[in-house]
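All residue numbers for the sequence shown refer to the numbering used here, where the first residue is 378 and numbers rise by one. These notes are about the structure you will find just below.
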Amino acid sequence: DGADSVVRGLTATPVRYEPSYRRGPQHAIATIARTTRPHVNVAYQRFGRTGPVALLPLVDSTPAGMSGGRGDTVAVVWSTSAVESDRLQSLDDDGFRAALGAEVEGVLGEFEAIDRRLSFPVRQGLTADFNPAPRILLIGDAARTLHPLAGQGVNVALEDVRALAATASGSDLGAGRWRGFARDRRARSKLMMASMRALLAAYCGPRAGNPWMRLARNASVRFIDAAPVIKAQLVREAMGLGPLAMHRETRADPGVSNGFESPGTSSEIA
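In structure tokens form, the structure reads like this:
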């Protein structure tokens, strides 16, 4: 039921939030825009001067009142400092389109039209327990919130659903059944949050402008782009289909059903 989960509140389950940006708190500006170049179903992540900007391809999703053809509409998520967010929100549409185009260096040409802009604080948080009470599970944004820079929130939530279905298959949904599920999903969430912190540190942290840091970033990206096998595996992991994401579901140890602990097994979450 979302990042401000009512169920989580009713179970008095605490959430630990962490700074998402080492130079201060961040805000995200979200909108929909029409571009002069088609996106050909490719998503772009640009790490600009003020922070990461995601351009996510949309199909047949042009808002009412904003004409456009197929393949020229993108969802925009621009993460930046609270001060810069306020400045950008104070601009009129023409000024914002110009600022956005400069930040992403015209990767999709010019922004011809922009929809209503929304701004919200960016935070990463992790609940203390995904199974806070008997027969109650927290999944999706109710369990954790991720920085939107890599667009992984939905993917990890879908992993939750898949793991839940695998755990529930063919057995009673009793309390003891879910301790392994809760522990594994929390561990996966910690891994994803650490990945987001590393990306933020590399591209937006205090040393992001260091020439050696830029060299290391560029060399790493070029290496991955030139290695199709590694690139494909990273994509699979991001989609929740790689071995790190699926090892619990594919494991077939004795006494474990669908890769999670069998009924009656109980363990505390660290």
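Beta carbons: idealized from backbone N, C-alpha and C, even for Gly.
How many angstroms separate the CA atom of residue i from the CA atom of residue j?
{"i": "Thr522", "j": "Phe507", "result": "13 Å"}
{"i": "Ala475", "j": "Thr450", "result": "17 Å"}
{"i": "Leu377", "j": "Leu514", "result": "In the structure as shown, the chain begins at 378 and stops at 647. Residue 377 is therefore absent and cannot be evaluated."}
{"i": "Val612", "j": "Asp561", "result": "21 Å"}
{"i": "Gly478", "j": "Pro509", "result": "45 Å"}
{"i": "Val384", "j": "Asn595", "result": "44 Å"}
{"i": "Pro386", "j": "Val436", "result": "Note that residue 386 is Gly in the sequence shown here, rather than Pro. Each residue's Cα considered, the two are about 37 Å apart."}
{"i": "Pro605", "j": "Arg599", "result": "11 Å"}
{"i": "Pro588", "j": "Gly425", "result": "15 Å"}
{"i": "Asp469", "j": "Pro429", "result": "21 Å"}
{"i": "Ala603", "j": "Arg591", "result": "18 Å"}
When the distance is taken between beta carbons, is residue j closer than 9 Å to residue i?
{"i": "Ala405", "j": "Thr457", "result": "yes"}
{"i": "Val533", "j": "Pro402", "result": "no"}
{"i": "Glu482", "j": "Thr427", "result": "no"}
{"i": "Leu535", "j": "Ala520", "result": "no"}
{"i": "Tyr421", "j": "Ala431", "result": "yes"}
{"i": "Glu480", "j": "Thr412", "result": "no"}
{"i": "Val484", "j": "Arg423", "result": "yes"}
{"i": "Gln529", "j": "Ala615", "result": "yes"}
Could you tell me which of the options sits nearest to residue i, measuring between CA atoms?
{"i": "Pro434", "options": "Asn418, Ser546 and Tyr394", "result": "Asn418"}
{"i": "Gly448", "options": "Pro429, Thr427 and Pro415", "result": "Pro415"}
{"i": "Ala527", "options": "Ala459, Met569, Ala603 and Arg512", "result": "Met569"}
{"i": "Gln466", "options": "Arg494, Gly582 and Ala431", "result": "Arg494"}
{"i": "Gly517", "options": "Ala410, Gly557 and Arg539", "result": "Arg539"}
{"i": "Asp537", "options": "Leu618, Ala585 and Leu592", "result": "Leu618"}
{"i": "Asp492", "options": "Gly586, Asp602 and Asp471", "result": "Asp471"}
{"i": "Phe473", "options": "Ile409, Phe497 and Val531", "result": "Ile409"}
Between which two residues does the alpha helix (DSSP H) harbouring residue i extend?
{"i": "Ser597", "result": "Pro588 to Asp602"}
{"i": "Ile516", "result": "Here Ile516 belongs to no alpha helix (DSSP H), and DSSP marks it neither H nor E."}
{"i": "Pro605", "result": "Pro605 to Ala615"}
{"i": "Arg496", "result": "Here residue 496 is Ser; the residue named in the question, Arg, does not match the sequence. Note, Ser496: premise wrong, no alpha helix (DSSP H); beta strand (DSSP E) at Leu495 to Val499."}
{"i": "Ser467", "result": "Ala459 to Ser467"}
{"i": "Val430", "result": "That residue, Val430, is in no alpha helix (DSSP H); its beta strand (DSSP E) goes Pro429 to Leu435."}
{"i": "Phe473", "result": "Asp470 to Glu480"}
Where do the ends of the beta strand (DSSP E) carrying residue i lie?
{"i": "Ala412", "result": "In the sequence on display, residue 412 carries Thr and not Ala. Start and end: Gln403 to Thr412."}
{"i": "Ser544", "result": "The amino acid at residue 544 is misidentified as Ser; the sequence shows Thr. No beta strand (DSSP E) holds Thr544; the alpha helix (DSSP H) holding it covers Gly530 to Ala545."}
{"i": "Arg393", "result": "Val392 to Glu395"}
{"i": "Phe424", "result": "Tyr421 to Phe424"}
For residue i, which residues of its own chain have a beta-carbon under 7 Å away from its beta-carbon, when the five flanking residues on both sides are left out?
{"i": "Ser572", "result": "none"}
{"i": "Asp378", "result": "Val384 and Ala519"}
Can you give me the Cβ contacts of residue i inside the same chain, cut-off strictly under 6 Å, excluding the 5 residues immediately before and after it?
{"i": "Ala575", "result": "none"}
{"i": "Val454", "result": "Ala405, Ala407, Ala431 and Pro525"}
Could you name the residues of the same chain whose beta carbon sits closer than 8 Å to that of residue i, not counting the 5 residues immediately before and after it, in chain order?
{"i": "Arg399", "result": "For Arg399, the predicted structure reports a pLDDT of 49, less than 50, and the residue's modelled location is therefore unreliable. The matter cannot be settled from this model."}
{"i": "Ala505", "result": "Thr390, Pro391, Val392, Arg393 and Ile646"}
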